[in-house]
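Residue numbers (my numbering), protein chains in the order written: chain F, 3 to 68; chain C, 617 to 1091.
Glycine included, each C-beta is placed from N, C-alpha and C at the ideal position.
Bear in mind that the values here come from a model prediction, so they are computed numbers and not experimental data.
One structure is given here, and the rest of the page talks about it.
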């Protein structure tokens, strides 16, 4: 299974997960929970893409530089 | 010293014009190059440039306006950027490869070549221009509001918008796309600093972050979440999808993809671009603080400026005005330029087979024509800046089904399908807009149009003989 499927995780985390995060409390880092939740997934998006970038064979050797 | 605000704002504007004029003589660096790749620059420099690149009037005034007026649903702005960048990892490399192989320059070129249809490419160019008008309009609206505020009301909004359009058109005419690069550098650094200052200082002014949100939550229950009617969870999901799928469908963004040196750049950028979204949080914070500092504004687009005006001295209002002018001027000039070029290169030229010099003249004239059209809409509208951008997305995302299907599943799409799909999508968007239906069945109405478009592409393509995109052209 390709590491690229990992990209689906933040997408689902945001689009599906939001239904469970749609409340004000608890406040995290001073933010209402909904805002914290989306911020968290924005960071996790970057992390997921970094992992994919690292392990995707397309970025190894000459793959990406054609 | 209220005059200092206006002085600083106008000074910035003149400086931008002067820099544009200077850049015309010495073509320095191509704006799109660093938007896409940032090759040859240091990492910190690239970070600053890219971080600033996402700041247009939309984020500066629009983001705070929505935090102020709509509340919780504003988080869609954070979410759609992240998903758009995730998508870019998979979407941009094939677009780039195909463009490279066929030496394409613009978005209509892609449709012309991929579907072998001149008519389709002209149609796409027309829809592209229509989509860019609300995007331009929001920059003009921003320019007008900033001048109105920094003059402390001495210049009314209509006059300010007229000045804004004229400055924008002059700016494009004298400097062209190359002139914006240095102005963009100044803009990026100024805006980054200001967003952080304002986004921290305003919440502290009303008692700190959590205290601020608690107060808002007491005053306006349910304001800080997605609402149960109107902009609820289904609206959020459909809007995030609509806008993230459309993110790279803007004619100017699509065209910029072709300027990258290699396809790896896109995949690398996808790993850190989502983080830039986080700086928008501070814009939202400023908007929420404004709700406590200057409650009851009729025009929510003014939220950030009005709060700043109340809390900071006049000279700082001027600095913010100056930075705000640049956030409207730089992307505005890029958009105005791109839309004029679309009309000249992708509509006028194929229809008339005109020579280069004629095409250039048409492009120059179109800068002023589009400026006038945009001004007309700006003067007759009181839409929020975010609503304007969403309107642009309603149009531009209609390209997505045809682009993606032709890239990844060429056997299921042909030019008839693509044409009718986009036509159905755009017609629905216009119908919804005419009847002021931004939300239908709890969904963003643009997303509903997008779904109808997608189905139409598949249906009409299969009825008209299936995919005609050549198999060997699969990318």
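Near-chain F residues of the stretch 866–890 of chain C - C-beta to any C-beta below 7 Å: Result list: 878, 879, 880, 883, 884, 886, 887, 888 and 890.
C-beta atoms of residue 864 of chain C and residue 707 of chain C nearer than 8 Å: For residue 864 of chain C and residue 707 of chain C, yes; Cβs fall inside 8 Å.
Positions along the stretch 809–830 of chain C whose CB lies within less than 9 Å of some CB in chain F: Cβ contacts with chain F: 819, 824, 825, 826, 827, 828, 829 and 830.
Start and end residues, alpha helix (DSSP H) containing residue 693 of chain C: Judged by DSSP secondary structure, residue 693 of chain C falls within the alpha helix (DSSP H) whose first and last residues are 692–718.
Residue 655 of chain C - DSSP class collapsed to helix/strand/coil: In this prediction, residue 655 of chain C scores a pLDDT of 40, lower than 50, which makes its location untrustworthy; the coordinate-derived value is nonetheless stated afterwards. Coil.
Simplified DSSP state of residue 645 of chain C, which is helix, strand or coil: Since pLDDT at residue 645 of chain C reaches only 41, below the 50 mark, its modelled position is unreliable, and the value read off the structure follows with that caveat. Residue 645 of chain C: coil per DSSP, three-state reduction.
Paired residues, beta bridge with residue 1059 of chain C - DSSP: Residue 1059 of chain C is bridged to C:1056.
Same chain, Cβ closer than 7 Å to residue 624 of chain C, five either side skipped, listed in chain order: Answer for residue 624 of chain C: 931, 934, 935, 937 and 938, listed in chain order.
Neighbouring residues, chain C, relative to residue 43 of chain F (Cβ below 8 Å): Chain C residues near residue 43 of chain F: 695 and 698.
Opening and closing residue of the alpha helix (DSSP H) in which residue 733 of chain C lies: Segment: none, residue 733 of chain C is in no alpha helix (DSSP H) and carries neither H nor E.
Residues that DSSP places opposite residue 33 of chain F in a beta bridge: Answer is F:30, bridged to residue 33 of chain F.
Beta-carbon proximity check, residue 957 of chain C vs residue 749 of chain C, cutoff 8 Å: No.
Length of the line joining the Cα atoms of residue 848 of chain C and residue 635 of chain C: If you take the alpha carbons of residue 848 of chain C and residue 635 of chain C, they lie about 45 Å apart.
Cβ-Cβ distance between residue 1095 of chain C and residue 684 of chain C below 8 Å: Any answer about residue 1095 of chain C is impossible in this case: the structure gives chain C only from 617 up to 1091.
Endpoints, the alpha helix (DSSP H) within which residue 1010 of chain C is located: Per DSSP, residue 1010 of chain C belongs to the alpha helix (DSSP H) from 1001–1012.
Chain C within 8 Å of residue 33 of chain F, Cβ atoms only: Chain C contact via Cβ: present.
Cβ-Cβ distance between residue 755 of chain C and residue 947 of chain C below 8 Å: Yes, Cβ-Cβ distance for residue 755 of chain C and residue 947 of chain C is below 8 Å.
Helix, strand or coil at residue 1024 of chain C [DSSP, three-state]: Correct three-state label for residue 1024 of chain C: helix.
Endpoints, the alpha helix (DSSP H) within which residue 1043 of chain C is located: Residue 1043 of chain C -> alpha helix (DSSP H) spans 1031–1050.
Amino acids of chain F, ordered along the chain, whose beta-carbon sits closer than 8 Å to that of residue 691 of chain C: Result: 36, 37 and 40.
Expected contact under 8 Å - CB spacing of residue 860 of chain C and residue 699 of chain C to nearest Å: With 8 Å as the limit, residue 860 of chain C and residue 699 of chain C qualify as a contact, their Cβ atoms being about 4 Å apart.
Run of the alpha helix (DSSP H) containing residue 830 of chain C, from where it starts to where it stops: Where residue 830 of chain C is concerned, the enclosing alpha helix (DSSP H) stretches over 825–835.
Residue 1023 of chain C and residue 710 of chain C closer than 8 Å at C-beta: Remark: C-beta atoms of residue 1023 of chain C and residue 710 of chain C approach each other more closely than 8 Å.
Closest Cα partner of residue 942 of chain C within the set C:633, C:734, C:892 and C:1014: Comparing C-alpha distances from residue 942 of chain C to each of C:633, C:734, C:892 and C:1014 shows the shortest one belongs to C:633.
Through-space distance from residue 1028 of chain C to residue 1078 of chain C, alpha-carbon basis: If you take the alpha carbons of residue 1078 of chain C and residue 1028 of chain C, they lie about 7 Å apart.
Residue 970 of chain C to residue 789 of chain C span [Cα, whole Å]: Near 21 Å, if we compare the C-alpha coordinates of residue 789 of chain C and residue 970 of chain C.
The stretch 861–881 of chain C touching the stretch 777–784 of chain C, judged by at least three CB pairs closer than 8 Å: The stretch 861–881 of chain C makes no contact with the stretch 777–784 of chain C: fewer than 3 CB pairs, one atom from each, lie closer than 8 Å.
Own chain residues within Cβ distance below 7 Å of residue 812 of chain C, not counting five before or after: Cβ neighbours of residue 812 of chain C within its own chain (closer than 7 Å, five residues either side excluded): 898.
Alpha-carbon to alpha-carbon, residue 904 of chain C and residue 774 of chain C: Each residue's Cα considered, the two are about 27 Å apart.
Helix, strand or coil at residue 618 of chain C [DSSP, three-state]: Correct three-state label for residue 618 of chain C: coil.
Residue 25 of chain F (DSSP reduced to helix, strand or coil): Here residue 25 of chain F sits in coil by DSSP.
Distance CB(residue 818 of chain C)-CB(residue 909 of chain C) smaller than 8 Å: In terms of Cβ geometry, residue 818 of chain C and residue 909 of chain C form a close pair [threshold 8 Å].
Residues that residue 738 of chain C contacts on chain F, provided the C-beta gap is smaller than 7 Å: For a Cβ distance threshold of 7 Å, nothing in chain F lies close to residue 738 of chain C: the least Cβ distance comes to about 32 Å.
Alpha carbon of residue 735 of chain C to alpha carbon of residue 1039 of chain C, nearest angstrom: For residue 735 of chain C and residue 1039 of chain C, the gap between their C-alpha atoms comes out near 13 Å.
Beta-carbon proximity of residue 1037 of chain C to residue 1073 of chain C, cut-off 8 Å: Taking the C-beta atoms as reference points, residue 1073 of chain C is found nearer than 8 Å to residue 1037 of chain C.
is_contact[residue 1076 of chain C, chain F] using C-beta, thresh 8 Å: No, its Cβ sits nowhere closer than 8 Å to a Cβ of chain F.
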